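Here is the structure we will look at, set down as structure tokens.
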Amino acid sequence: MPESSPRDLPFRLDIRRVHLAVGWVAFGLPLSLLALGLALPQICLYASISHFYFSPLGGDLFVGMLSFVGLLLLCLYSFDMAGCDGALGWRWYDVALIRLAGIAALLVAFVPTGGSGCTFDGLAVPRAFVAGAQGAEDFPVPGGTVTGAPSFDFWDRLAGPEAPRLLDAVHYLSAGAMFLILAYVVLGVFTRINSEDALREGNRKDLRNRCYRVLGLVILGAVGVLALKSALLPEAVLRVWNGLRLTFVFEALALAAFGLAWMIKGRFLPVFEDRLHPRAA
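For the sequence shown, this note's numbering begins at 1 and goes up steadily by one.
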């Protein structure tokens, strides 16, 4: 009987299940936030996915689901898997980039964007930061109120208006880095020959690769449009853009394409199988 290693697990970790977990959550995040914004009048349909940070329930979903994806990317993609069946074409730097994307996802989740992201109509119940807070509510005894100046600028409230503006860019730079890395993985890593089954007669590798290429280009296209919007659009056009929630739309497209690519990698439908395998989920 072979000796066990301290790192051995009492269960088998199926990389397909990891792919599926990442994919379903990434695919479901924009759909969940959209459903909240449409179903509950107390929750605004924000201009971007990131602005849902300031909504009740939506903020919990945004931080929780993005943290889940980030932690899986950071912790469950091991350097040991490169070269193993299912990752035959992977290299150590591919795993390093996936882990970097996980760190970027966590930064997007925990370093919020600024601005309200919505024109409130008196029905919405947003969450905000309060500067100069005074008083207490239901502490240490019932009753009381808290007064202060509400704001949707995290860094301004935390570090003051003189804080380096680079801090404001952390959220956007992290989001851009995350999506660019994920596009590279979809286009440059998933399309390689990564399993023995992909070499056998009757494989579906060509079908999967066609899907990966389309989805990778969708991610790149969405990121490109958002970058051009930030750099080039005049204020009058931005008003129309934000009114139509187009930032949310393109962020949702990028997340859905990322999620769907990972779901295909996890073989969420039998049509993507090279041959009969047990379903991963």
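Think of the CB as a built atom: it goes at the ideal place given N, C-alpha and C, for glycine as much as any other residue. Note that the structure is a prediction, hence the values are computed from the model and not measured.
Under the three-state reduction of DSSP output, VAL130 falls in the strand class. Judged by beta-carbon spacing, LEU97 lies beyond the 9 Å limit of VAL18, meaning their Cβ atoms are not closer than that value. Between ALA252 and ILE49, the C-beta spacing is below 9 Å. Residue pairing of SER151 in beta bridges, as defined by DSSP: PHE129. Our two residues, SER67 and LEU33, have alpha carbons roughly 15 Å apart in a direct line. Separation of PHE54 and VAL189 (C-alpha to C-alpha, rounded to the nearest whole angstrom) is 35 Å. When beta bridges are read from the DSSP output, GLY135 appears opposite VAL146.
With the rule of 3 Cβ pairs closer than 8 Å, the region 245-262 counts as touching the region 19-26. Where SER67 is concerned, the enclosing alpha helix (DSSP H) starts and stops at 58-75. The three-state secondary structure of CYS211, taken from DSSP, is helix.
Under the DSSP assignment, ARG239 falls in the alpha helix (DSSP H) whose first and last residues are 235-243. Contact check for ARG99 against TYR77 passes: the beta carbons are separated by less than 9 Å. Between the beta-carbon of ILE15 and that of GLY86 there is about 5 Å, and that keeps the pair under the 8 Å contact cut. When C-alpha distances from VAL146 are compared across GLU137, PHE152, CYS118 and PHE272, the shortest belongs to GLU137. Within 10 angstroms of the beta-carbon of ILE181 lie 16 or more other beta-carbons, which makes it buried. The Cβ-Cβ distance between GLY102 and ASP153 does not fall below 9 Å. The beta carbons of SER151 and HIS51 sit no closer together than 9 Å. GLY148 is the residue among GLY148, VAL141 and GLY135 whose C-alpha sits nearest the C-alpha of PHE129. In this structure SER230 is exposed. Its beta-carbon is surrounded by fewer than 16 other beta-carbon atoms within 10 angstroms. Shown here for CYS211: same chain residues with a beta carbon closer than 6 Å to its own, the five before and five after excluded, namely ILE264 in chain order. Rounded to whole angstroms, the separation of the alpha carbons of ASN209 and PRO112 is 35 Å.
Rounded to whole angstroms, the gap between the alpha carbons of LEU246 and ILE219 is 15 Å. The beta carbon of LEU107 sits closer than 8 Å to those of VAL170, HIS171 and SER174, all from its chain and outside the five residues before and after it, given in chain order. Close CB contacts of ALA82 within its chain, under the 8 Å cut and outside five residues either way in sequence, are with TRP90, ARG91, TRP92, ASP94 and VAL95 (chain order). In this structure LEU20 does not touch MET65 by the C-beta definition: roughly 15 Å separates them, more than the 8 Å allowed. Burial is judged here by how many other beta carbons sit within 10 angstroms of a residue's own beta carbon; ALA105 has at least 16 and is buried. Residue burial annotation: ALA39 is exposed, with fewer than 16 other C-beta atoms found within 10 angstroms of its C-beta.
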